[in-house]
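Student: Sharing a structure with you now.
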Amino acid sequence: MPLILTEAQEADAPRIAEIHMAAFHDNAMLLAQFPTPAIRAELFNTLVQKARDEIRDPQWAVLVVRDEPEFQPQQQGTAEDGSEVGQGPRPAVVSFAKWRRPIEELRVRSYVEAPWQWPAGTRFDILEDWTRRVEAVASRVVGTRPCYNLSYIATDPEHERRGAAAMLVKWGIE
Numbered sequence: 000m001p002l003i004l005t006e007a008q009e010a011d012a013p014r015i016a017e018i019h020m021a022a023f024h025d026n027a028m029l030l031a032q033f034p035t036p037a038i039r040a041e042l043f044n045t046l047v048q049k050a051r052d053e054i055r056d057p058q059w060a061v062l063v064v065r066d067e068p069e070f071q072p073q074q075q076g077t078a079e080d081g082s083e084v085g086q087g088p089r090p091a092v093v094s095f096a097k098w099r100r101p102i103e104e105l106r107v108r109s110y111v112e113a114p115w116q117w118p119a120g121t122r123f124d125i126l127e128d129w130t131r132r133v134e135a136v137a138s139r140v141v142g143t144r145p146c147y148n149l150s151y152i153a154t155d156p157e158h159e160r161r162g163a164a165a166m167l168v169k170w171g172i173e
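Under numbering that gives the first Met the number 0, the first residue of the sequence shown is numbered 0, with each subsequent residue one higher.
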C-alpha cells in the first residue's frame with residue numbers, strides 16, 4: 000500500500016504516542032528516565048498531550064506518514080438517514096516526526112513552548128542530565144543559527160523499512 004505524508008491532526012495524537020512507545024519501549028534512556036511500567040503508562044498520556052500541544056503550535060511541524068489503503072472508496076455522499084457513505088477507513092498512521100521550525104531571532108525571547116507535564120516518578124536527575132548534554136552538543140554544532148530541529152521521529156515497528164522515516168527526514172532537509 001502506498002505511503003502518504005501529511006500534517007498531523009489532533010486526532011492523531013494517541014497514535015503518535017502509541018508509535019513513540021512502541022519504537023522506544025526498550026530504549027535505555029526511556030527506561031532510565033521512566034523506570035516502572037506504571038510511570039511509562041502515565042508517560043503515554045504525557046506524550047498524547049504534548050503531541051496535541053505541538054500540533055496546535057505554529058512553531059512546530061508535526062508530520063505523519065499514513066498507509067493509504069489500495070481500494071478506491073465508493074462515490075461519496077450522504078445517505079437518506081444523514082450518514083456519510085463512501086468514506087473508507089482513515090489511513091493508518093505508521094510513522095511520525097516532530098520538527099521545530101526556526102524561531103526568528105526577534106521572537107526567541109517571546110516564544111513560549113507548552114511545557115512537558117512529566118508523570119510522577121520521573122527520574123528528573125537523569126532527564127535533566129540528558130537534556131543538558133543534548134543542548135550542549137546542539138549549541139556546539141548548530142550554535143544560535145535558526146534551523147529546523149528534528150525533535151522526535153519514530154516508525155511503528157510493524158512498518159519499518161518501507162521508507163516512512165526517509166519521507167519525514169526528506170521533508171525537513173528540503
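Yeah, the Cβ is synthetic: ideal placement off N, Cα and C, and Gly gets one too.
Mind checking which residues open and close the alpha helix (DSSP H) that includes residue 23?
Tutor: 12 to 23
Student: With respect to the beta strand (DSSP E) encompassing residue 95, which residues constitute its N-terminal and C-terminal limits?
Tutor: That run of the beta strand (DSSP E) goes 91 to 99.
Student: From the DSSP output, read off the bridge partner residues of residue 65.
Tutor: 3 and 92
Student: How many whole angstroms separate the CB atoms of residue 92 and residue 65, which I take to be in contact at a CB cut-off of 8 angstroms?
Tutor: With 8 angstroms as the limit, residue 92 and residue 65 qualify as a contact, their Cβ atoms being about 6 angstroms apart.
Student: Would you tell me roughly how many angstroms separate the C-alpha atoms of residue 14 and residue 162, rounded to the nearest one?
Tutor: 19 angstroms
Student: Would you report the Cα separation of residue 112 and residue 56, rounded to the nearest angstrom?
Tutor: 8 angstroms
Student: Alpha carbon to alpha carbon, what distance is there between residue 34 and residue 123?
Tutor: 11 angstroms
Student: Going by DSSP, name the residue or residues bridged to residue 148.
Tutor: 99
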